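Residue numbers (the working numbering), protein chains in the order written: chain A, 1 to 242; chain B, 1 to 242.
The beta carbon of each residue, even a glycine, is placed where N, CA and C say it ideally should be.
A quick note: this is a predicted structure, and the numbers were derived from the prediction, not measured.
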DNA sequence: GCGATGCCTTGACCTGCATCAAGCCGCGCC
DNA sequence: GGCGCGGCTTGATGCAGGTCAAGGCATCGC
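Okay, here's the thing in structure tokens:
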């Protein structure tokens, strides 16, 4: 038992969760029981429907959360309504701008989402007492920074075709639940609407739609019911990412 | 003396530097003397000319550095030669992908650059022993993530005009050495060539040049000797950033 | 069943930026 | 001086992707 707990502790899987092993299976047990005491009665689970605003842009930060299920999109807007999705968070990502006074982004539920929410002060206090926790959060932050910079290449230098292929490739890696590691293909449901995809890629929905059609006609993917995607050969898709 | 040191320690200014107070003024003194002992004989200063490669993409990470002077551009490339600048680092930023096996970006000197280099192992050991140092590095990483996401909006959703204005605005805030805080205008030298600016903005050099000309004709900026920029009214520039 | 609604696709047309090409300017070198 | 070269600007043209508009298809409430 202690051995299993240590396994989780050493893995890259994040963070915070209360002594709620039974209810939040998977993400819990990251902290040693004694470290958890401080949070044990301060976390709670929340459910959200697609479109729900989890954190508002320029809003005071009062709590952090862990994504337990679903996909969260982080967006930023210009005054005139133009929007850009600047990140996607999948379970079991940590959610929230640590140590910031106000959020720089809006966090919206892209699908049905479950969160495990903890008050800001409680987590920050725990971090202050527990450098290993801060280190794990640092690892996630560094990974997010890498991902953001990867995406900047996509936004700045890829064609519409390459952008859509890159998006599908990204989702294939994150969202195919049953995919064996060496598998050639992938099957998954898109967690985002065409409008969200367009905002993620810096395109319009029409262009996204047309490029999806082209990929379909080229036999790189098949789409059913708008959201269900099959990729027979991921390698072919990867080759179209630029 | 202890009070002054504590001031620096508590500020947001990073990181690592040896007991070289006299030679690296400004960035030093962040660490307590006893914390510095481990690094005191392991850092060294290096100079680089514009264009010099400081860290290669997909290269093993053997050292970290602190930017002492100048501007460093972080770039990523596609196989076919397309390039994207994914970040700019100004003194006194920390440079290097912490805890990573290989660098995800190429770091190039954009201007004359001085670095204070420290071997990877030495710094990581110091971090392990010193949570306060990791916390300061965490703060810089979070700031870089915020900046990357801001820039994603620029890349994905702004027009060429707005991109160029955004770039000039960014540089005005970082690179005007004498600007009083409430000043209306700014004067500075561009640390990047037109080609670099284009790669930062996801544009071509021709488009950058044309948009600069437009801003000049509109009276928003004046340019002399290709690199020297004066902005009489920053507010006007900001209004063009979208 | 039937209209309303939301989401997606497709077509026709337009425009902002890329591309191609020429020329300018400053600088170092012979 | 004159010549070559690198960095920048300007002009002419083309096209990828945006815009506008219409229509398909599933879902929902009545």
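Check: Taking just the CA atoms, how far does residue 137/B sit from residue 246/B?; Outcome: What is shown of chain B runs 1 to 242, which leaves residue 246/B out entirely.
Check: According to DSSP, what are the bridge partners of residue 107/A?; Outcome: 55/A and 74/A
Check: Using a Cβ cut-off of 7 angstroms (strictly closer), state whether residue 56/B contacts chain A.; Outcome: no
Check: Mind checking if residue 93/A is an interface residue toward chain B, Cβ cutoff 7 angstroms exclusive?; Outcome: no
Check: Identify, in the order they occur along the chain, each residue of the same chain with its Cβ nearer than 8 angstroms to the Cβ of residue 102/A, setting aside the five sequence neighbours on each side.; Outcome: 58, 59, 60 and 61
Check: In terms of DSSP beta bridges, what is residue 187/A paired with?; Outcome: 230/A
Check: Which residue marks the beginning of the alpha helix (DSSP H) containing residue 87/A, and which one marks its end?; Outcome: Taken as a continuous stretch (DSSP letters only), residue 87/A belongs to no alpha helix (DSSP H), being part of the beta strand (DSSP E) at 83-90.
Check: Please tell me whether residue 89/A has its Cβ less than 7 angstroms away from any Cβ of chain B.; Outcome: no
Check: So, is residue 213/B buried or exposed, given that buried needs 16 or more other C-beta atoms within 10 angstroms?; Outcome: exposed
Check: Would residue 84/A count as contacting chain B if we go by Cβ distances under 7 angstroms?; Outcome: yes
Check: Check the Cβ of residue 157/A against every Cβ in chain B and list those closer than 8 angstroms, keeping chain order.; Outcome: 78, 82, 83, 84 and 202
Check: Do we get a CB-CB distance below 7 angstroms when we pair residue 242/A with the residues of chain B?; Outcome: yes
Check: At a Cβ cut of 7 angstroms, what residues of the region 129-158 of chain B count as close to chain A, listed as they run along the chain?; Outcome: 131, 134, 135, 138, 139, 141, 142, 144, 145, 146, 148, 149, 151, 152, 153, 155, 156 and 157
Check: Does any CB atom of chain A fall closer than 7 angstroms to the CB of residue 235/B?; Outcome: no
Check: Taking buried to mean at least 16 other C-beta atoms within 10 Å of its own C-beta, is residue 106/B buried or exposed?; Outcome: buried
Check: In chain B, which residues lie with their C-beta within 8 angstroms of the C-beta of residue 105/A?; Outcome: 149
Check: Please confirm if the region 139-158 of chain B is in contact with the region 69-82 of chain B, defined as three or more CB-CB distances below 8 angstroms between the two stretches.; Outcome: no
Check: Determine the direct distance from the alpha carbon of residue 167/B to that of residue 240/B, and round the result to whole angstroms.; Outcome: 11 angstroms
Check: Would you kindly work out how many angstroms separate the C-alpha atoms of residue 54/A and residue 100/A, rounded to a whole number?; Outcome: 16 angstroms
Check: What does residue 227/A touch in chain B if you count any residue whose Cβ is under 7 angstroms from its own?; Outcome: In chain order: nothing, as chain B lies at least about 23 angstroms away.
Check: In three-state DSSP terms, what is residue 212/B?; Outcome: helix
Check: Roughly how many whole angstroms lie between the Cα atoms of residue 91/B and residue 68/B?; Outcome: 5 angstroms
Check: Quick check: residue 148/A and residue 236/B, are their CB atoms within less than 7 angstroms of each other?; Outcome: no
Check: Can you tell which of 121/A, 119/A, 234/A and 84/A has the C-alpha that lies nearest to the C-alpha of residue 204/A?; Outcome: 84/A
Check: What number of angstroms, rounded off, separates the C-alpha of residue 87/B from the C-alpha of residue 151/B?; Outcome: 9 angstroms
Check: Assuming contact is defined by CB atoms lying nearer than 7 angstroms, are residue 76/B and residue 187/A in contact in what I supplied?; Outcome: no
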